[in-house]
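Written out below as structure tokens is the structure these notes cover.
There are 2 protein chains.
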Amino acid sequence: MDLLVQKFGGSSLASPARIHAVADLVAQAARTNRVVVVVSAMGDTTDDLIVLARSVTEHPPAREIDMLLATGEQVSASLLSMALHQRGRDAISLTGWQAGIRTSSTFRAARIRDIRPDRIRRELEQGRVVIVTGFQGVVGDGEWDEVTTLGRGGSDATAVALAASLGCLCRIYTDVEGIYSADPRLAPGARRLPTVTYEEMLELAQYGARVMMPRSVELAQIWRVPLEVTSSFTPGAGTSIGGSMEFANRIAGVAHQMDVAKVTLVALMDRPGVAAAVFRALATRHVHADLIVQNIGHEGRTDLSFTVAADDLDIALETIAAVRDEVGARDVTARTGLAKVSVVGSGLFSSLDHAATMFSALSELGVNIDIISTSGIRITCVIDGGHVEEAVRAVHAAFGLEGEDRWQSTA
Amino acid sequence: MDLLVQKFGGSSLASPARIHAVADLVAQAARTNRVVVVVSAMGDTTDDLIVLARSVTEHPPAREIDMLLATGEQVSASLLSMALHQRGRDAISLTGWQAGIRTSSTFRAARIRDIRPDRIRRELEQGRVVIVTGFQGVVGDGEWDEVTTLGRGGSDATAVALAASLGCLCRIYTDVEGIYSADPRLAPGARRLPTVTYEEMLELAQYGARVMMPRSVELAQIWRVPLEVTSSFTPGAGTSIGGSMEFANRIAGVAHQMDVAKVTLVALMDRPGVAAAVFRALATRHVHADLIVQNIGHEGRTDLSFTVAADDLDIALETIAAVRDEVGARDVTARTGLAKVSVVGSGLFSSLDHAATMFSALSELGVNIDIISTSGIRITCVIDGGHVEEAVRAVHAAFGLEGEDRWQSTA
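Sequence lines, in order, name chains A and B.
For what it's worth, the working numbering labels the leading residue of the first sequence as 1, then goes sequentially.
For what it's worth, the working numbering labels the leading residue of the second sequence as 1001, then goes sequentially.
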């Protein structure tokens, strides 16, 4: 029997009834596979626990937050095991430390270092479904072990790392039916993609597709773990994410991100070390600046712009103010209410026409492009947030992503 | 600095506000002691988790119940640690496995086998308050560790075992101010006892005083752990429980138990093995039969009576019906609505007058005694439950337990 890692998120486990629905999916898979299940905490448990901690103290130590949060997955894992036992299916829930998930020592944002799956293998050999608490691990030497949590997207990361360690498929169950060629709420013609490459998924995830965090896609890519994203509510269809290069000529889809802010340092001194000083300062404050663009300088001065999430703008401006004299900027400007629209696909690499297609689609709408940024398989335009919906639809149509499901034939 | 184990029950930790009140008590103790704190789950968390498990399946496996319940203390331990950090007091929460609490392998009712307090000692040496999750431990060889819970009274047992292992005082914080000479709700003249012996506490606990479970008192007695019982709501006064024999001549107090049922096997065959057959059958069904009395037999027949908790009566009668032919009982009768009133004190050992004092007090009330049972330091009468309040008051008065606090002088 093949081995399979299934991962269920919080919304899939939000109530005893939902846990039973998940148990049905697991029991079904366990008829033809040996199954390891990774679970998130039920519903909004993690957020609720953080609110509880904040009601005790405004600045709870990260180490104790991890002790607190780790209970969430322990609850859902044990309940899912009970639901499987009720179906006559032998199952066992394991915490991060029982499952041998060893991490780095950064509380609240630990990284998985390695997995020692001996216990998991032994339980599987006994014919048990093994349910592992996602989002958590342990760091230490056995004499001084600490519980850690993995931060945002941690349960997906647990599932991918387990699949890598066990050498098997990882199926992520979520509340959507897979990866779409655009957000179906914005572009009614959007279609489910039966397959995407790791590279495409990574770009889609980084530029707005919320189904998976870039971190887990990256992990899957590095370890060549075959991924599937499917719905726990309406199982069946889904999207396979893998390393195939069969789709070299295609455009996968359109991603978008709202609530983007832009910061520009005006007439900055154009000399080595200036940009480094700016972004080192931002990194120290944990501000993630992306889409960095710098114009060609003249008279020893240049403009430097970058985007940040709107929530991070205040802290970004504060940080820039502190280094402004050092980098010799004449002015600092900010603009909010922006959005990113990106087109992603392995096929973008092969032709320069694609950029023109995108810019034309936007200009036909009369939408001004604030920043342009590209990677080998992605073109991103920063535009006014008020136009995002029509922009996504127009770009989606311009690349011919509507119409019949042309991905089926290559799946 | 002396070492001290403090234990706080669920009602003392029922809300963030209560957790802060407990943090004040801990921080205060930590000024003059190195402190290990044992916590129960917040408020009714344990019961709520059991209800949650039952909403998933009627018969959850004990192993998974333990995984589930163990989260309760992990939550309260981490929150208490946060509250201490807010006070500038370094603290760390440890789960059962981190604290080295090794147990037997009976899920839901594990016993503490041994404690490896290396980690606790190291944390104490770093100047930290160490907060240990009560009620839970771990069993296994490191490669195959399982989380266990200790059953009713498990957090007290954790605290006593830790104090034994560390060689220090164990202070149990509860919602009453200590051990009383009778239940103050029944006997308004009841007085707090500054000191009781282990033996007295054990009898009081077994015969109705609810402050501590007999199990933890027994553990303290075996390991000679000095205990204190005090209130977390109005700290200060309390009761010391220890091994002193200074109180050889005193009567400690009156305990009572409601909802007692009596079963009588009438005209049973008076031959060896009959009583054994009856109580083995009851033990198999986990029915705790106490106060077993057998009258002198005549004509090869005898009557055998015992008491059980009213809740256990149905299962007791069912069990007896199954062995009735084997033991040759002519009839089986049952009576409910009974109560036990017990007087406890090391001084009972020294004089036969005490039994007479008790029986007189009851007969003056016109209360009939159904069963009498004694130990070296306890006399128990089973009476009609409707008379329990006046009986407790009368016995309490008959032994002179009201009036000035005569225990202070011997404390």
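Note that CB positions come from ideal geometry on N, CA and C, so glycine has one too.
task: Establish whether the CB of L68/A and some CB of chain B are separated by less than 9 Å.
output: As a first step, residue 68/A must be located in the first sequence, where it is residue number 68. By this cut-off, L68/A is an interface position.
message: Looking at the secondary structure, which residues open and close the alpha helix (DSSP H) in which R1119/B lies?
response: Here the question's residue 1119/B lines up with position 119 in the second sequence. R1119/B -> alpha helix (DSSP H) spans D1118 to E1125.
message: Taking only three categories from DSSP, how would you classify T1357/B?
response: For this step, residue 1357/B is matched to residue 357 along the second sequence. Of the three classes helix, strand and coil, the one that applies to T1357/B here is helix, per DSSP.
- prompt: Can you find a C-beta in chain A that's less than 9 Å from the C-beta of P1016/B?
  reply: Position 16 of the second sequence holds residue 1016/B. Yes, contact with chain A.
- prompt: Got a sec? Which residues, its chain only, sit under 6 Å from L401/A by beta carbon, not counting five neighbours each side?
  reply: Against the first sequence, residue 401/A aligns to sequence position 401. The residues are S181.
- prompt: Can you give the Cα-Cα distance for Q1028/B and G1010/B, rounded to whole angstroms?
  reply: Residue mapping note: residue 1028/B aligns to position 28 of the second sequence, counting from 1. Residue mapping note: residue 1010/B aligns to position 10 of the second sequence, counting from 1. Whole-angstrom Cα-Cα distance: 20 Å.
- prompt: M82/A CB to nearest chain B CB: under 9 Å?
  reply: By 1-based counting over the first sequence, the position of residue 82/A is 82. Taking Cβ atoms only, chain B reaches closer than 9 Å to M82/A, which makes this a yes.
message: For V229/A, report the span of its alpha helix (DSSP H) as first-last.
response: On the first sequence, position 229 is the one that residue 229/A refers to. Careful: V229/A lies outside any alpha helix (DSSP H), inside the beta strand (DSSP E) at L227 to S231.
Residue-chain proximity (G1127/B, chain A), Cβ-Cβ < 9 Å: Start at 1 with the first residue of the second sequence, and residue 1127/B comes out as number 127. Not closer than 9 Å to any Cβ of chain A, the Cβ of G1127/B fails to qualify, so no.
- request: With Y1173/B as the anchor, note down where its beta strand (DSSP E) starts and where it stops.
  value: Reading the second sequence from its first residue, position 173 is the one you call residue 1173/B. First-last of the beta strand (DSSP E) with Y1173/B: L1169 to T1174.
- prompt: With a cut-off of 9 Å, does the C-beta of S93/A fall near any C-beta of chain B?
  reply: As a working note, residue 93/A is residue 93 in the first sequence. Taking Cβ atoms only, chain B reaches closer than 9 Å to S93/A, which makes this a yes.
- request: Whole angstroms is fine: what's the gap from A252/A's alpha carbon to A329/A's?
  value: In the first sequence, the residue the question calls residue 252/A occupies position 252. In the first sequence, the residue the question calls residue 329/A occupies position 329. In a straight line, the C-alpha of A252/A is about 40 Å away from that of A329/A.
field: Host alpha helix (DSSP H) of T1045/B (start-end)
entry: Taking the first residue of the second sequence as 1, we reach residue 1045/B at position 45. Here the alpha helix (DSSP H) through T1045/B covers T1045 to V1056.
field: beta strand (DSSP E) segment containing A197/A, residue limits
entry: The residue you call residue 197/A lines up with position 197 of the first sequence. Looking at the sequence shown, residue 197/A is not Ala but Thr. That run of the beta strand (DSSP E) goes T195 to T197.
Cα-Cα separation, G1153/B to I1371/B: Here residue 1153/B is taken as the residue at index 153 of the second sequence, counted from 1. Here residue 1371/B is taken as the residue at index 371 of the second sequence, counted from 1. So the alpha carbons of these two residues sit roughly 29 Å apart.
- prompt: Going straight from the alpha carbon of I1092/B to that of T57/A, what length do you get?
  reply: As a working mapping, residue 1092/B is identified with position 92 in the second sequence. As a working mapping, residue 57/A is identified with position 57 in the first sequence. Their backbone Cα atoms lie some 15 Å apart in a straight line.
field: C-alpha gap between G1043/B and L1013/B, whole angstroms
entry: Against the second sequence, residue 1043/B aligns to sequence position 43. Against the second sequence, residue 1013/B aligns to sequence position 13. One C-alpha to the other measures close to 6 Å.
- prompt: What is the rounded straight-line gap between the Cα of K7/A and the Cα of I172/A?
  reply: What you label residue 7/A is simply residue 7 of the first sequence in a count that begins at 1. What you label residue 172/A is simply residue 172 of the first sequence in a count that begins at 1. Cα to Cα, the separation comes out at about 5 Å.
message: Quick check: is any heavy atom of the ligand GDP less than 8 Å from the C-beta of D114/A?
response: Judged by which ligands are present, the structure shown has none, so any question about the ligand GDP falls away.
field: Against chain B: residues of the segment 25 to 59 of chain A by CB proximity under 9 Å
entry: L49, L52, A53, S55, V56, T57, E58 and H59
- prompt: Mind checking if H20/A is an interface residue toward chain B, Cβ cutoff 9 Å exclusive?
  reply: For the purposes of this step, residue 20/A is taken as the residue at position 20 of the first sequence. Judged by the 9 Å Cβ criterion, H20/A is in contact with chain B.
- prompt: Which residues in the same chain have their Cβ closer than 6 Å to the Cβ of A190/A, if we skip the five residues on either side of it in sequence?
  reply: In the first sequence, residue 190/A corresponds to position 190, counting from 1. The answer, listed in chain order, is Y180, S181, A182 and P184.
- request: On a CA-only basis, which of V1037/B, V1308/B, P1194/B and D1325/B is nearest G1236/B? Give me that one, please.
  value: Counted from its first residue, the second sequence places residue 1236/B at position 236. With distances taken between Cα atoms, G1236/B lies closest to P1194/B.
query: When burial is assigned at 16 or more other CB atoms within 10 Å of the CB, is A354/A buried or exposed?
result: Reading the first sequence from its first residue, position 354 is the one you call residue 354/A. Sequence inspection shows His at residue 354/A; the Ala mentioned does not correspond to that position. By the neighbour-count rule (16 or more Cβ atoms within 10 Å), H354/A is buried.
field: Per-residue DSSP class, three states only, for M42/A
entry: For the purposes of this step, residue 42/A is taken as the residue at position 42 of the first sequence. Note: M42/A maps to coil in three-state DSSP.
field: Contact set between V1130/B and chain A, taken where Cβ atoms lie within less than 8 Å
entry: Counted from its first residue, the second sequence places residue 1130/B at position 130. Within chain A, no residue comes near V1130/B; the closest Cβ sits about 13 Å away, beyond 8 Å.
- request: May I ask you to report which of helix, strand or coil DSSP gives R1335/B?
  value: Reading the second sequence from its first residue, position 335 is the one you call residue 1335/B. Of the three classes helix, strand and coil, the one that applies to R1335/B here is strand, per DSSP.
- prompt: Which runs of the beta strand (DSSP E) fall wholly inside the segment 134 to 163 of chain A and span at least 3 residues, in chain order?
  reply: 136 to 139 and 146 to 149
- prompt: Run through DSSP, which three-state label would H286/A get?
  reply: Position 286 of the first sequence holds residue 286/A. In the structure shown, H286/A sits in coil (DSSP, three-state: anything other than H, G, I, E or B).
7 Å CB neighbourhood of R89/A in its chain, flanking five on each side removed: Counted from its first residue, the first sequence places residue 89/A at position 89. Cβ within range, chain order: A27, A30 and V129.
- prompt: Should D1270/B be labelled buried (16 or more other beta-carbon atoms within 10 Å of its own) or exposed?
  reply: Counting from one through the second sequence, the residue named residue 1270/B turns up at place 270. With 16 or more other Cβ atoms within 10 Å, it is buried.
- request: For D1156/B, return the contacting residues in chain A, with the cut-off set at a CB-CB distance below 7 Å.
  value: For the purposes of this step, residue 1156/B is taken as the residue at position 156 of the second sequence. Those do not exist, as D1156/B stays about 22 Å from chain A at its closest Cβ, beyond 7 Å.
query: Does DSSP classify V211/A as helix, strand or coil?
result: Position 211 of the first sequence holds residue 211/A. V211/A: coil per DSSP, three-state reduction.
task: Excluding the 5 residues preceding and the 5 following V392/A in the sequence, name in chain order all residues of the same chain whose CB lies nearer than 8 Å to its CB.
output: Translated into positions along the first sequence, residue 392/A becomes position 392. Hits under 8 Å: A182, D183, L186, A187, V254, H256 and V341.
task: Mind checking who M67/A pairs with in its DSSP beta bridge?
output: Position 67 of the first sequence, counting from 1, holds the residue named residue 67/A. DSSP lists no partner for M67/A.
message: Between the segment 68 to 77 of chain A and the segment 98 to 106 of chain A, can you find at least three pairs of beta-carbon atoms closer than 8 Å?
response: no
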